[in-house]
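The numbering of the sequence shown is this note's numbering, which starts it at 657 and goes up by one.
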Amino acid sequence: MDAYEALVTRISPKELCEPAPDEAALRKIVAAGLRAPDHGRLRPWRFISIRGGARHRLGEVFAAALARREPGAGAELERERQKPLRAPLVLVVAAHIAHSPKIPPVEQLLSAGAAAQNIMIACHALGFGAMWKTGAPAYDRGVKEALGLAAADEIAGFLYIGTPKTTPKPPAPLDPADFVRAWTPD
């Protein structure tokens, strides 16, 4: 699959199963993430690979975070516990925010987002599927702490990676002309 085809055919599958990328494939996938734009060469990207039983522990971390945010949560706690089980591999993509007079935190977070997109394209090119999820756990200080991230770090997303159970239906095509306008100064 060439690069352009990977870019214009990637979609997020609804369900993922085994196999996930093995360690060699994951190295290739993360290598694509490391090619994201990086103003100042701060290399803000941090990746945390979560497989097997560690996904159950992550579910407990998600549930504990929800219980702190919403003390009356009931059935929602079990849904939080199940989220990391959506795929055989969860790759947390985070930005280690450096204090820089020239590169603001938003640029560092955008770089991590670009790394996540590169990873999703690489997954697709190698025959895997990936879904990008955030939600409240991505912004929860306790979740970041449990994952070993600093308080100033930002989670760009939880990438759920595996083999698509079914071939996802492509979305309706979009016309680029609907999203681009020329700027003509007065």
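C-beta: ideal position from N, C-alpha, C; glycine also.
Here the structure is a predicted model, which means the values were calculated and not measured.
Exercise for the section: From the DSSP output, read off the bridge partner residues of residue 747. Expected result: Here the question's residue 747 lines up with position 91 in the sequence shown. Paired residues: 705 and 815.
Problem - Among 657, 660 and 664, the one whose alpha carbon lies nearest that of residue 828 - result: On the sequence shown, residue 828 is found 172 positions in, with the first residue counted as 1. The residue with the shortest Cα to Cα distance from residue 828 is 664.
Handout entry: Distance, residue 730 Cα to residue 691 Cα
Key = As a position in the sequence shown, residue 691 is number 35, starting the count at 1. As a position in the sequence shown, residue 730 is number 74, starting the count at 1. Cα-Cα distance, rounded: 42 Å.
Exercise for the section: Label residue 835 either buried or exposed according to how many other C-beta atoms from any shown protein chain fall within 10 Å of its C-beta, with 16 as the threshold for buried. Expected result: As a working note, residue 835 is residue 179 in the sequence shown. Residue 835 should be labelled exposed.
Problem - Rounded distance between the beta-carbons of residue 672 and residue 751, thought under 8 Å - result: By one-based count along the sequence shown, residue 751 stands at place 95. By one-based count along the sequence shown, residue 672 stands at place 16. At roughly 24 Å, the Cβ-Cβ gap does not stay under 8 Å, so residue 751 and residue 672 are not in contact.
Exercise for the section: List the DSSP bridge partners of residue 789. Expected result: As a working note, residue 789 is residue 133 in the sequence shown. According to DSSP, residue 789 bridges with 814.
Practice task
Starting from residue 672, follow its DSSP beta bridges and name the residues at the other end.
Solution key: Indexing the sequence shown from 1 puts residue 672 at position 16. Beta-bridge pairing by DSSP links residue 672 to 820.
Handout entry: Contact the stretch 778-788 vs the stretch 799-810: 3+ CB pairs below 8 Å
Key = no
Exercise for the section: Note down, in chain order, each residue of its chain lying with its Cβ closer than 7 Å to the Cβ of residue 789, except the 5 sequence neighbours on either side. Expected result: Walking along the sequence shown from the start, residue 789 turns up at place 133. Scanning its chain for C-beta atoms nearer than 7 Å, with the 5 sequence neighbours on each side dropped, one finds around residue 789 the residues 813, 814 and 816, in chain order.
Handout entry: Three-state secondary structure (DSSP) of residue 825
Key = The residue given as residue 825 occupies position 169 in the sequence shown. Residue 825: coil per DSSP, three-state reduction.
Exercise for the section: Would you check if the stretch 751-768 and the stretch 722-737 touch, i.e. whether three or more CB-CB distances between them fall below 8 Å? Expected result: no
Practice task
Below 8 Å on the Cβ atoms is my guess for residue 667 versus residue 826; work out the distance and round it to an integer in Å.
Solution key: As a first step, residue 667 must be located in the sequence shown, where it is residue number 11. As a first step, residue 826 must be located in the sequence shown, where it is residue number 170. Right, their Cβ atoms sit about 6 Å apart.
Practice task
Compute the beta-carbon to beta-carbon distance between residue 844 and residue 810, rounded to the nearest angstrom, for a pair I have assumed lies under 8 Å.
Solution key: No statement about residue 844 is possible, as the shown extent of the chain runs from 657 to 842 and does not include it.
Practice task
Just the C-alpha distance for residue 824 and residue 787, rounded to the nearest angstrom, thanks.
Solution key: For the purposes of this step, residue 824 is taken as the residue at position 168 of the sequence shown. For the purposes of this step, residue 787 is taken as the residue at position 131 of the sequence shown. The alpha-carbon atoms of residue 824 and residue 787 are separated by roughly 12 Å.
Exercise for the section: Buried or exposed for residue 659, please, with buried defined as at least 16 other CB atoms from any protein chain shown within 10 angstroms of its CB. Expected result: Taking the first residue of the sequence shown as 1, we reach residue 659 at position 3. Residue 659 should be labelled exposed.
Exercise for the section: Please confirm whether residue 721 and residue 796 have their CB atoms less than 8 Å apart. Expected result: Residue 721 sits at position 65 when you count from the first residue of the sequence shown. Residue 796 sits at position 140 when you count from the first residue of the sequence shown. A contact, by the Cβ cut-off of 8 Å.
Practice task
Give the secondary structure of residue 874 by DSSP, where H, G and I count as helix, E and B as strand, and everything else as coil.
Solution key: Given a span of 657 to 842 for the chain in the structure shown, any question on residue 874 remains unanswerable.
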